[in-house]
Amino acid sequence: MNTLVIYPAVFGEPSASPFCVKALCMLKAAGIEYEVEETADPRKAPKAKLPIMATDDGVIADSDQIRDYLEHNAGIDFDEGLDRGDRAASRAMIRMVEEHIYFAIVCDRWGNDENWAHVREAFFSNIPFPVRGLISGHIRKQALASLNGQGMGRHSDTERFERVQKDIVAIRDTIGNKPFLFGDHPSAADMSVVAMLSAAVATPVETDTSRFIRNDSALAAYMKRGRERLYPEAAP
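Going left to right, the sequence shown walks through residues 7 to 242 as the working numbering numbers them.
Right, here's the structure in full:
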């Protein structure tokens, strides 16, 4: 039996991490049997990150490597039907949301004091009260330092939104009048994009990014289609 290890569900999403949600989407699309194991502590994972997938062939770390494993071993092509140009655009779209928009979401959750109060409660409530503040504060400090090193944490809220807004508009323009990014059926890019936009909207206290996505009728309709198709148990 394959086991997918993910962060627990939070804020109405199947997992706190859009990368874990992406992995759930891929496993469902692949049609293979699997079970889910939830943990809030990724320290024992090979790269100290989630998701990971335990298989008969070993442990697969990272959602992108899980995709490679599934495509190679389950005989599935998540970009089936896409020509070379669309496959290239799909890869670029995935990198845009996972290496840019994602870090803006983390800033909104961990850097914003109002949102941090919700994140702290959701992620650290199982830690005994006497040390909860010390541990959560230390982890938050590490997260913010990482965001500063990555670069997104160096921008103001306004600057960060202006950067990410251009990406979100690019997503909307790519969808156009199609049901999904590259046609009538979801591809690998949709699994990343729907999970990432949903994570942005699920941020507990509204931000410029979550407000922009929620109020855009085209994006809202796309997310609804994607959630119903890719992870229906989370669809409204």
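Just so it is clear, CB atoms sit at the ideal spot from N, CA and C, and this is done for glycine as well.
Rounded to the nearest angstrom, how far is the Cβ of I66 from that of V11, given a contact under 8 Å?
Not really, about 10 Å apart at Cβ, beyond 8 Å.
C-beta atoms of M202 and V103 nearer than 8 Å
yes
Contact between the segment 85 to 101 and the segment 137 to 147 (3+ Cβ pairs under 8 Å):
The segment 85 to 101 and the segment 137 to 147 do not touch, with fewer than 3 CB-CB distances between them shorter than 8 Å.
Buried or exposed for V175, please, with buried defined as at least 16 other CB atoms from any protein chain shown within 10 angstroms of its CB.
exposed
Proximal residues to I208 (C-beta, below 6 Å), its chain only, five neighbours per side dropped:
Per the sequence shown, the amino acid found at residue 208 is Ala instead of Ile. Cβ neighbours of A208 beyond the five flanking positions: F17, G18, E19.
Which of the three DSSP states is assigned to V65 in this structure?
strand
Considering E127, what are the terminal residues of the alpha helix (DSSP H) in which it resides?
Membership of E127 in the alpha helix (DSSP H) is indicated by the continuous run 119 to 130.
Can you tell me which of T213, V27, A194, G155 puts its alpha carbon nearest to the alpha carbon of I111?
Here the closest residue by C-alpha is T213.
Helix, strand or coil at M202 according to DSSP, with G and I counted as helix
helix
Ignoring anything shorter than 4 residues, give me the alpha helix (DSSP H) runs that lie fully in the segment 132 to 158, in order along the chain.
135 to 156
For the putative contact between R93 and D85, defined by C-beta atoms under 8 Å, what is the C-beta separation to the nearest angstrom?
5 Å
Please report how far the alpha carbon of G143 lies from the alpha carbon of E165, in whole angstroms.
26 Å
Alpha carbon to alpha carbon, how far is W122 from S69?
25 Å
Where P242 and K53 are concerned, what is the direct C-alpha to C-alpha distance, given to the nearest angstrom?
Reliability of the predicted coordinates at P242 is poor, the pLDDT of 42 falling under 50, and no value is obtained from them.
Cβ pair S23, L76 closer than 8 Å
no
Return the CA-CA distance between R184 and N8, expressed in angstroms with no decimal places.
Checking the displayed sequence, the identity of residue 184 turns out to be Lys instead of Arg. Between K184 and N8, the alpha-carbon positions lie close to 34 Å from each other.
May I ask you to report which of helix, strand or coil DSSP gives T9?
strand
What residues match up with I58 in a beta bridge as DSSP calls it?
V11, A67
Span separating the alpha-carbon of R178 from that of T215:
Those two C-alpha atoms are separated by around 14 Å.
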